[in-house]
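Participant: The sequence shown maps to residues 2 to 485 in the working numbering. Every residue gets a Cβ at the ideal spot worked out from N, C-alpha and C, and that includes glycine. Got a structure for you, written out below as structure tokens; questions coming shortly.
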Amino acid sequence: MWYVSTRGIAPRVNFEGALFSGYAPDGGLFMPEELPQLDRETLCQWSTLSYPGLVKELCALFIGSELIPKDDLNDLIDRAFSRFRHRGVVHLSRLRNGLNVLELWHGVTYAFKDLSLSCTAQFLQYFLEKREKHVTVVVGTSGDTGSAAIESVQGAKNVDIIVLLPKGHCTKIQELQMTTVLKENVHVFGVEGNSDELDEPIKTVFADVAFVKKHNLMSLNSINWSRVLVQMAHHFFAYFQCTPSLDTHPLPLVEVVVPTGAAGNLAAGYIAQKIGLPIRLVVAVNRNDIIHRTVQQGDFSLSEAVKSTLASAMDIQVPYNMERVFWLLSGCDSQVTRALMEQFERTQSVNLPKELHSKLSEVVTSESVSDEAITQTMGRCWDENQYLLCPHSAVAVNYHYQQMDRQEPSTPRCCLAPASAAKFPEAVLAAGLTPETPAEIIALEHKETRCTPMRRGDNWTLMLQDTIEDLSRRWRGHALNASQ
């Protein structure tokens with residue numbers, strides 16, 4: 002299985018190459034050169050699998066046994082999910098009025114990113130140990146990515162992780178989940194800025210190709226192919242749990258409602274659809290509505306500024322993974338994709354070509370949800386089910402309630418729930434409800450924290466470079482001692 006860049010200039014790589022690169026050298030994103038096609042028989046066989054079983058099958062399809070033999074792959078995935086609180090890893094809650102909520106938040110940090118990052122970290126460590134190499138992972142976070150990335154690699158001997166978090170822009174719990182991990186390979190910076198501002202020094206550092214190569218830098222944000230790959234399993238599991246039957250021809254459709262910011266789960270769903278899963282995709286965003294505008298009007302352009310919403314992890318202006326969707330919609334035309342994305346990078350605004358826009362609106366429905374609608378949805382779900390939704394999950398469930406209230410006959414529907422309400426007590430209170438806080442989260446309040454400030458006026462890029470150089474020196478020292 003080979004991977005090519007959506008922009009068509011970078012040489013192709015295998016899964017290991019895509020895993021360690023993040024962005025392709027030409028600025029594009031890696032995608033499989035060919036998508037396998039799953040027939041009806043395979044889908045029927047997969048329909049009885051557990052969530053980890055689906056992850057194993059999908060990873061085997063896209064990784065290749067010459068890189069990771071099947072037995073090793075299965076062990077890595079079992080290890081990745083060993084710290085999840087729910088024995089099924091994910092769980093479908095069937096609630097009143099046809100509301101199906103797929104809980105993707107039973108990992109250590111109570112968010113869906115634990116699923117893909119725990120697998121990604123196992124793949125990384127597998128290759129690093131084999132090659133006797135070290136990497137420094139640099140992550141900018143709007144809230145959940147940082148803590149999930151830290152948990153996935155904390156204590157790993159071949160990996161250091163640097164996380165930049167936007168001080169005061171994530172919830173208290175999200176911040177504590179990052180600053181209370183005191184392992185010596187974890188380095189957290191609190192930036193006086195929002196998540197788009199803290200991306201700037203990271204982009205600057207990654208733009209220096211020689212520096213990246215010298216220090217074995219990589220990122221683990223949602224553009225990493227291995228994360229998109231694991232996220233495909235959400236869609237397969239949702240389908241098999243919610244489809245009324247597998248006996249009809251053609252197989253019945255299931256609608257999957259995807260709440261998103263950077264569009265990783267959307268890209269995963271669209272690839273799942275392309276390889277044969279009969280799902281219809283609905284993308285649900287908060288007031289940061291670039292994806293909604295793109296689907297509705299073909300208007301792929303930045304708004305003036307990021308709007309702060311109750312669904313804070315989706316307060317993102319640039320949905321990086323849309324590039325993968327555009328590439329697939331254009332028939333894997335890297336020239337079209339490159340022209341489109343380069344124009345977007347230059348002017349921050351693109352009108353999709355007519356043909357591309359009409360294809361997009363055929364495969365995806367979208368909605369944008371206000372804070373008021375989020376709190377109303379949280380309240381209604383509690384009233385009807387005594388079930389607490391996090392604000393991001395409420396963005397998806399809001400779509401379900403809208404469809405219900407129109408009383409149109411509808412296909413079975415599954416709403417993805419990316420985080421536990423326990424992480425967002427502020428939003429639960431805003432909805433007039435009572436937060437339920439697990440003991441593990443309460444315990445964070447009393448733990449020692451470690452976080453280096455990056456203040457306005459500091460040279461953030463320089464601070465980041467210095468930290469990276471220091472970690473490289475330390476690793477070389479360790480490696481030298483070990484070899485003597």
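1. Within 10 angstroms of its Cβ, does Ala239 collect 16 or more other Cβ (buried), or is it exposed?
2. Straight-line CA distance for Trp106 to Glu363?
3. Following the continuous alpha helix (DSSP H) through Phe207, name the residue where it begins and the one where it ends.
4. Drop a sphere of 10 angstroms on the beta-carbon of Asp316, count the other beta-carbons inside from all chains shown, and report buried for 16 or more, exposed for fewer.
5. Give me the residue from Leu44, Leu472 and Arg475 with the minimum Cα distance to Glu58.
6. Of all the beta strand (DSSP E) runs that stay within the bounds of the region 384–435, which reach a length of 3 or more residues?
7. For Ile276, which of Leu230, Val286, Asp200 and Arg294 has the nearest alpha-carbon?
8. From the DSSP secondary-structure annotation, give me the bridge partner or partners of Pro167.
9. Looking at the unbroken beta strand (DSSP E) that takes in Val5, where does it start and where does it end?
10. In whole angstroms, give me the CA-to-CA distance for Pro18 and His447.
11. Is DSSP giving Gly29 helix, strand or coil here?
12. Mind checking whether Tyr224 and Gly23 have CB atoms under 7 Å apart?
13. Quick one: measure Cβ to Cβ for Val398 and Val296, integer angstroms, because I've assumed they're closer than 8 Å.
14. Can you tell me the Cα-Cα spacing of Leu68 and Ala122, whole angstroms?
15. If the criterion is Cβ atoms closer than 7 Å, does the pair Gly194 and Leu166 meet it?
16. To the nearest angstrom, how far is it from the Cα of Thr7 to the Cα of Glu35?
17. Can you name the start and end residues of the beta strand (DSSP E) that Arg95 belongs to?
18. Thinking C-alpha only, which one of Gly108, Arg451, Gly54 and Asp459 is nearest Phe237?
19. In the DSSP assignment, what residue or residues form a beta bridge with Thr453?
20. On the three-state DSSP scale, how would you describe His282?
21. Spatial neighbours of Pro392 within its chain, please: C-beta separation below 6 Å, excluding the five flanking residues on both sides.
22. Less than 7 Å between the C-beta atoms of Met379 and Ala432, yes or no?
Facilitator: The structure says:
1. Counting from 1 along the sequence shown, the entry for residue 239 is found at position 238. The residue is buried, with at least 16 neighbouring Cβ atoms inside 10 Å.
2. Residue mapping note: residue 106 aligns to position 105 of the sequence shown, counting from 1. Residue mapping note: residue 363 aligns to position 362 of the sequence shown, counting from 1. Whole-angstrom Cα-Cα distance: 30 Å.
3. Start at 1 with the first residue of the sequence shown, and residue 207 comes out as number 206. Start and end: Ser196 to Ala208.
4. Position 315 of the sequence shown, counting from 1, holds the residue named residue 316. So Asp316 counts as buried.
5. One-based indexing of the sequence shown puts residue 58 at position 57. When only C-alpha atoms are compared, the closest one is Leu44.
6. 414–418
7. Along the sequence shown, one-based indexing puts residue 276 at 275. Among Leu230, Val286, Asp200 and Arg294, the Cα nearest to that of Ile276 is on Leu230.
8. Counting from one through the sequence shown, the residue named residue 167 turns up at place 166. DSSP lists Val192 as partners of Pro167.
9. In the sequence shown, the residue the question calls residue 5 occupies position 4. Here the beta strand (DSSP E) through Val5 covers Tyr4 to Ser6.
10. Taking the sequence shown and counting its residues from 1, the one referred to as residue 18 is at position 17. Taking the sequence shown and counting its residues from 1, the one referred to as residue 447 is at position 446. Reading off the sequence, residue 18 comes out as Gly, not Pro. So the alpha carbons of these two residues sit roughly 41 Å apart.
11. As a working note, residue 29 is residue 28 in the sequence shown. Gly29 falls in the coil class under three-state DSSP.
12. Residue mapping note: residue 224 aligns to position 223 of the sequence shown, counting from 1. Residue mapping note: residue 23 aligns to position 22 of the sequence shown, counting from 1. Tyr is not the amino acid found at residue 224; the sequence shown has Ile there. Yes. Within cutoff.
13. The residue labelled residue 398 in the question sits at position 397 within the sequence shown. The residue labelled residue 296 in the question sits at position 295 within the sequence shown. With 8 Å as the limit, Val398 and Val296 do not qualify as a contact, their Cβ atoms being about 19 Å apart.
14. The sequence position of residue 68 within the sequence shown is 67, counting from 1. The sequence position of residue 122 within the sequence shown is 121, counting from 1. Going from the Cα of Leu68 to the Cα of Ala122 covers about 16 Å.
15. The residue labelled residue 194 in the question sits at position 193 within the sequence shown. The residue labelled residue 166 in the question sits at position 165 within the sequence shown. No.
16. Position 6 of the sequence shown, counted from the start, is the residue given in the question as residue 7. Position 34 of the sequence shown, counted from the start, is the residue given in the question as residue 35. Taking the straight line joining both Cα atoms gives about 13 Å.
17. Numbered from 1 along the sequence shown, position 94 holds the residue referred to as residue 95. Its beta strand (DSSP E) spans residues His92 to Arg95.
18. Looking up residue 237 in the sequence shown gives position 236. Looking at the Cα atoms, Gly54 is the closest of the given residues.
19. In the sequence shown, the residue the question calls residue 453 occupies position 452. Paired residues: Phe190.
20. Start at 1 with the first residue of the sequence shown, and residue 282 comes out as number 281. It is worth fixing the name first, because residue 282 is Leu in this sequence and not His. Three-state result, Leu282: strand.
21. Working through the sequence shown from its first residue, we reach residue 392 at position 391. If we look at Pro392 and ignore the five residues flanking it on each side, its Cβ neighbours are Leu311, Ala312, Ile375, Phe425 and Ala428.
22. Counting from one through the sequence shown, the residue named residue 379 turns up at place 378. Counting from one through the sequence shown, the residue named residue 432 turns up at place 431. Yes. Within cutoff.
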